[in-house]
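The structure under discussion appears below in the form of structure tokens.
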Amino acid sequence: VTARSDQDLLAAVADGDRGALRELHDRHAVWVSARLRRRCADGDIVDEAVQDTFVAVWKSAGRWDGRGEPAAWIWGIAIRRLIGVLRTRGRWSRAAAAVTESEIMVAAEDQVLVGVEHGDLAGALRDLSPELRAVVQATVLDGLTSREAGHLLGIPSGTVKTRMMRARIQLRGALA
Amino acid sequence: MTNTDWHAPPALLARFAHDPATVDDMTAASVEAHLVVCADCRAQLTAAISPAHVTASWDAIADRIDRPRPALLERVLHRIGVSSGLGRLLAATPALQGAGLLAICVLAAGAAVLSLTADAEGPFLVLAPLVPLAAVAASFTPAADPAGEAGVATPMHGAGLVIRRAIAVVGVTFGVLAAAALALPDVGPAAAAWVLPALALALGALALGTWLRVEVAVGVLSGAWLLAVWSVWLAGRDIPLADSATFSVNGQMSALAVAVVAAVVAATRRNHFATLEAFR
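Encoded structure:
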């Protein structure tokens, strides 16, 4: 029996196939959990967010448009569920602390890098202050809106926008 | 876009799975971006974790998707931040379940219709305070409580549960009555004269409920309220019911005083709720 693709599994979940959800979970829960743990140090909160994620996949698989990478779609749900759990538990400060020490991105296709073709990207990102890097990571790598990033980092969305602008200027300068 | 030849080193994936915080920022970012597009590396990372963890995670999810959908009221309570346990206890309050809620609405609407036909606030002002009272009686009659026997075994059984449910019942009833009051012929401050008497009666039922069974307490208070309104009205001679002393400033102040006294009594005697004795 050849293994079903993630796309097939998601379509089956949309039709109410519980076994397909289990298979998706077994393929994706571990890496999603590890990635969330880099954004939130509290294991209980991450576990709850992972559970919420697959419950949400179960309920809304029908809304997946059938294009793109299912893993990216699942991650998009997961990071938002993490924000949701953090909001209901009211533990902004903890998440903010965890994210400030957190990482940045090297992925392509993002607004930060528009017009940049050469230069030491990794080095330029490393030179950003932790606050600016956290914002770049949340908005670019995690694909969050300024408002969602603000919730994750525990800062107002206006601050997210100004930090993003400063990061963009600094990166352009470093990579020019 | 994806370079399929490159894969993350297995040791790095194992470290990322077990202790992601120890992976430095730049490496983690690169691994994360790769994981989204590489099923092989995701499988490798998953294999580094004990299958028991994955099974435990799935069991918790299966438990949630198999769970029956909570009642509407319970979901609303959860949405506004009430914990799920308390939400279920409140939603199981008899007066707040379908039939009870319907009865509250019918009683409130009935009182408003009576007032409309009489073209005066009087009937509504007299009857409205009895609605929360009836709801309180329905909530604390042990036979009416679907969670009654089970409730005895819960840690929150007792005064805490009685008081929380009373607040929920009275809150909902007041909301329904306030909506009904908007239908009164003359919506103004006078149309709100039922609020303090209703509060006094509901708190009075709780206070009396520390000596009597709550149905008895409610019966006594209903009788006393009707008698008081009637005698005050007779004494006042030839004025509309809504203008009698009960609904004047003095009457409202008396109701407030009764409410405060009753609240103090109920709070100090909270370990004597007679409705609970039935279970002991």
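If you're matching them up, the sequences are chains B and E in order.
Counting along the first sequence from 1, when you hit position 11 you're at 24 in this note's numbering, and nothing is skipped either side.
Counting along the second sequence from 1, when you hit position 253 you're at 921 in this note's numbering, and nothing is skipped either side.
All C-beta atoms in this analysis are idealised placements derived from N, C-alpha and C, irrespective of residue type, glycine included.
Beta-carbon neighbours of residue i, restricted to chain E and to distances below 8 Å
i	result
residue 68 of chain B	729, 732, 733
residue 41 of chain B	710
residue 38 of chain B	722, 725, 726, 729
residue 88 of chain B	704
residue 135 of chain B	694
residue 35 of chain B	726, 730
CB contact check: residue i to chain E, cutoff 8 Å
i	result
residue 71 of chain B	yes
residue 26 of chain B	no
residue 106 of chain B	Confidence at residue 106 of chain B is low in this model, with a pLDDT of 47, below 50, so the placement of that residue is unreliable and no value is reported for it.
residue 116 of chain B	Note that residue 116 of chain B has pLDDT 33, beneath the 50 cutoff, so the model's placement of it is unreliable and the number below is only indicative. At least one chain E Cβ lies under 8 Å of residue 116 of chain B.
residue 131 of chain B	Low confidence applies here, because residue 131 of chain B scores a pLDDT of 49, under 50, leaving its location unreliable and the question unanswered by this model.
Residues of its chain near residue i, where Cβ-Cβ distance is below 6 Å and the 5 sequence neighbours each way are ignored
i	result
residue 861 of chain E	793, 915
residue 838 of chain E	800, 870
residue 899 of chain E	none
residue 71 of chain B	34
residue 875 of chain E	930, 933, 934
residue 160 of chain B	170
residue 155 of chain B	92
residue 684 of chain E	691, 699
is_contact[residue i, chain B] using C-beta, thresh 8 Å
i	result
residue 677 of chain E	no
residue 680 of chain E	no
residue 697 of chain E	yes
residue 714 of chain E	yes
residue 921 of chain E	no
Rounded Cβ spacing between residue i and residue j (contact assumed at less than 8 Å)
i	j	result
residue 36 of chain B	residue 705 of chain E	Not really, about 19 Å apart at Cβ, beyond 8 Å.
residue 845 of chain E	residue 930 of chain E	With 8 Å as the limit, residue 845 of chain E and residue 930 of chain E do not qualify as a contact, their Cβ atoms being about 19 Å apart.
residue 95 of chain B	residue 53 of chain B	6 Å
residue 689 of chain E	residue 181 of chain B	Contact doesn't hold; Cβ gap of about 28 Å is too wide.
residue 797 of chain E	residue 865 of chain E	4 Å
residue 40 of chain B	residue 714 of chain E	7 Å
residue 782 of chain E	residue 769 of chain E	At roughly 21 Å, the Cβ-Cβ gap does not stay under 8 Å, so residue 782 of chain E and residue 769 of chain E are not in contact.
residue 149 of chain B	residue 173 of chain B	Residue 149 of chain B to residue 173 of chain B, Cβ: 10 Å. No contact.
Neighbourhood of residue i by C-beta distance below 8 Å, restricted to the same chain and skipping five residues each side
i	result
residue 91 of chain B	45, 48, 49, 62, 63, 66
residue 708 of chain E	675
residue 889 of chain E	801, 869, 872, 873, 876
residue 102 of chain B	58
Neighbour list for residue i in chain E, Cβ cutoff strictly below 9 Å
i	result
residue 50 of chain B	687, 688, 689
residue 154 of chain B	697, 700, 701
residue 139 of chain B	693, 694
Sequence-distant residues of the same chain with beta carbon closer than 7 Å to residue i, five excluded per side
i	result
residue 745 of chain E	755, 758, 759
residue 74 of chain B	23, 26, 27
residue 716 of chain E	681, 682, 685, 686
Residue i: contacting residues in chain B (beta-carbon distance under 9 Å)
i	result
residue 705 of chain E	82, 84, 85
residue 831 of chain E	Residues of chain B passing the Cβ test: none, with the nearest at roughly 25 Å.
Contacts of residue i in chain B (Cβ-Cβ under 7 Å)
i	result
residue 841 of chain E	None at all; the shortest Cβ gap to chain B is about 29 Å.
residue 620 of chain E	Residue 620 of chain E is absent from the structure shown; chain E starts at 669 and stops at 948.
residue 684 of chain E	47
Residues that residue i contacts on chain E, provided the C-beta gap is smaller than 7 Å
i	result
residue 63 of chain B	725
Please go through the segment 824-882 of chain E and give each complete alpha helix (DSSP H) segment of 4 or more residues, from N-terminal end onward. 827-849, 863-876
Enumerate, from N- to C-terminal direction, the unbroken alpha helix (DSSP H) stretches of 4 or more residues contained entirely within the segment 53-91 of chain B. 56-73
Quick check for students: name the residue ranges of the alpha helix (DSSP H) that lie wholly in the segment 703-732 of chain E, counting only runs of 4 or more. 707-715
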